[in-house]
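S.K.: Right, I'll just put the structure down here and ask away after.
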């Protein structure tokens, strides 16, 4: 009965005022959509979801404001722990894929324009074996960060190892070492990371064994697992990509 009342209230508000009702459980989050385009109806959840928001008649610009039942406590994706911080962070960072608007169990392109998932066994380009799921994301060419720097699969690769999605406490290819040299001048200390892990992402992709971005194609990344879990794609599709 309570859910029906909330749904009905949301319908009234949307009818009588230009508001989108973003709901989490029975909490209503009103969003003024007067003069804006880009709000998508999420059929299964029964609410309207903002995507590609822009002023009517323009491609970008202005300020889009929306409220939340609780304040944002942390805008650092590594250290954030609460729901509403992550809801806000979701408006700041792109992810490889996003949930499809017409199917909450499906995926739609975001930073990656397409992807493939397969299972096999072999040797990764770094010479180490794998036996499980192989996921390849192909990023949309030509994307840039706000400062004009290229936005590529290399950024996702960095983010995966920065968050330590594999949950490693030492170098996965040489356990006697506590560090991983990601690139010249970039070293991750996984012994230290394990003692101060990211709340949401540390160990978020169990079975991860490696990643690879071809030197001649910075818009493609392949992620290797030592497990064929059906959750492997789910564990990496929504990673906030860091610059």
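Residue numbers (UniProt numbering): 1 to 243.
For glycine and all other residues, C-beta sits at the position ideal for the given N, C-alpha and C.
Alpha carbon to alpha carbon, how far is residue 153 from residue 71?
M.R.: The residue labelled residue 153 in the question sits at position 153 within the chain shown. The residue labelled residue 71 in the question sits at position 71 within the chain shown. C-alpha separation (whole angstroms): 32 Å.
S.K.: Do the CB positions of residue 121 and residue 114 come within less than 7 Å of each other?
M.R.: Reading the chain shown from its first residue, position 121 is the one you call residue 121. Reading the chain shown from its first residue, position 114 is the one you call residue 114. No, these two residues do not count as a Cβ contact at 7 Å.
S.K.: Pick out the complete alpha helix (DSSP H) segments inside the segment 167–207, 4 residues or longer, and give them in chain order.
M.R.: Whole alpha helix (DSSP H) segments, 4+ residues: 190–195.
S.K.: Just list the residues that DSSP pairs residue 134 with in beta bridges.
M.R.: Along the chain shown, one-based indexing puts residue 134 at 134. Beta-bridge pairing links residue 134 to 118, 224.
S.K.: If you run the structure through DSSP and keep just helix, strand and coil, what is residue 99?
M.R.: Taking the first residue of the chain shown as 1, we reach residue 99 at position 99. Strand at residue 99.
S.K.: Using the three-state DSSP reduction, which class does residue 153 fall into: helix, strand or coil?
M.R.: Reading the chain shown from its first residue, position 153 is the one you call residue 153. Note: residue 153 maps to helix in three-state DSSP.
S.K.: Measuring CA to CA, which of 86, 179, 128, 92 is closest to residue 161?
M.R.: Within the chain shown, residue 161 is the residue found at index 161, counting from 1. The shortest Cα separation from residue 161 among 86, 179, 128, 92 belongs to 179.
S.K.: Determine the closest residue to residue 78 out of 182, 147, 220, 199, with distance taken between C-alpha atoms.
M.R.: Stepping through the chain shown from its first residue, residue 78 is reached at position 78. It is 199 whose Cα lies nearest to the Cα of residue 78.
S.K.: From residue 237 to residue 203, what does the alpha carbon distance come to, in whole angstroms?
M.R.: The residue given as residue 237 occupies position 237 in the chain shown. The residue given as residue 203 occupies position 203 in the chain shown. Their backbone Cα atoms lie some 15 Å apart in a straight line.
S.K.: How about the segment 211–221 and the segment 176–193: do they share at least three Cβ pairs that are nearer than 8 Å?
M.R.: In short, these stretches do not touch, since the Cβ pair count stays below three.
S.K.: For residue 251 and residue 190, which I take to be in contact (beta-carbon distance under 8 Å), what is that distance rounded to the nearest angstrom?
M.R.: The structure shown does not extend to residue 251, since the chain is modelled only from 1 to 243, so the question has no answer here.
S.K.: Would you tell me roughly how many angstroms separate the C-alpha atoms of residue 123 and residue 88, rounded to the nearest one?
M.R.: Residue numbering aside, residue 123 sits at position 123 when the chain shown is read from its first letter. Residue numbering aside, residue 88 sits at position 88 when the chain shown is read from its first letter. Rounded to whole angstroms, residue 123 to residue 88 spans 39 Å at the Cα level.
S.K.: Just to confirm before moving on: does the CB-CB distance between residue 136 and residue 228 stay below 7 Å?
M.R.: The residue given as residue 136 occupies position 136 in the chain shown. The residue given as residue 228 occupies position 228 in the chain shown. Taking 7 Å as the Cβ cut-off, residue 136 and residue 228 do not qualify as a contacting pair.
S.K.: So what does DSSP say about residue 40, is it helix, strand or coil?
M.R.: In the chain shown, counting from the first residue as 1, residue 40 sits at position 40. Low per-residue confidence applies at residue 40: pLDDT is 48, beneath 50, and the placement is therefore not dependable enough to give any value.
S.K.: Helix, strand or coil for residue 158? Go by DSSP, reduced to three states.
M.R.: Counting from 1 along the chain shown, the entry for residue 158 is found at position 158. It is helical.
S.K.: Within a Cβ cutoff of 8 Å, which residues of the same chain sit near residue 82, ignoring the five residues on either side of it in sequence?
M.R.: What you label residue 82 is simply residue 82 of the chain shown in a count that begins at 1. So the qualifying residues of the chain are 70, 73, 74.
S.K.: If you follow the alpha helix (DSSP H) that residue 229 is in, where does it begin and where does it stop?
M.R.: Locating residue 229 in the chain shown gives position 229, where the first residue counts as 1. No alpha helix (DSSP H) contains residue 229, which DSSP labels as neither H nor E.
S.K.: Name the residue from 188, 96, 159 whose alpha carbon lies nearest to the alpha carbon of residue 169.
M.R.: Within the chain shown, numbered from 1, the residue matching residue 169 stands at position 169. Looking at the Cα atoms, 188 is the closest of the given residues.
S.K.: So, using beta-carbon positions, are residue 112 and residue 139 closer together than 7 Å?
M.R.: For this step, residue 112 is matched to residue 112 along the chain shown. For this step, residue 139 is matched to residue 139 along the chain shown. Yes, the pair counts as a contact, with Cβ atoms nearer than the cut-off.
S.K.: What does the alpha-carbon distance come out to for the pair residue 90 and residue 84?
M.R.: Locating residue 90 in the chain shown gives position 90, where the first residue counts as 1. Locating residue 84 in the chain shown gives position 84, where the first residue counts as 1. One C-alpha to the other measures close to 10 Å.
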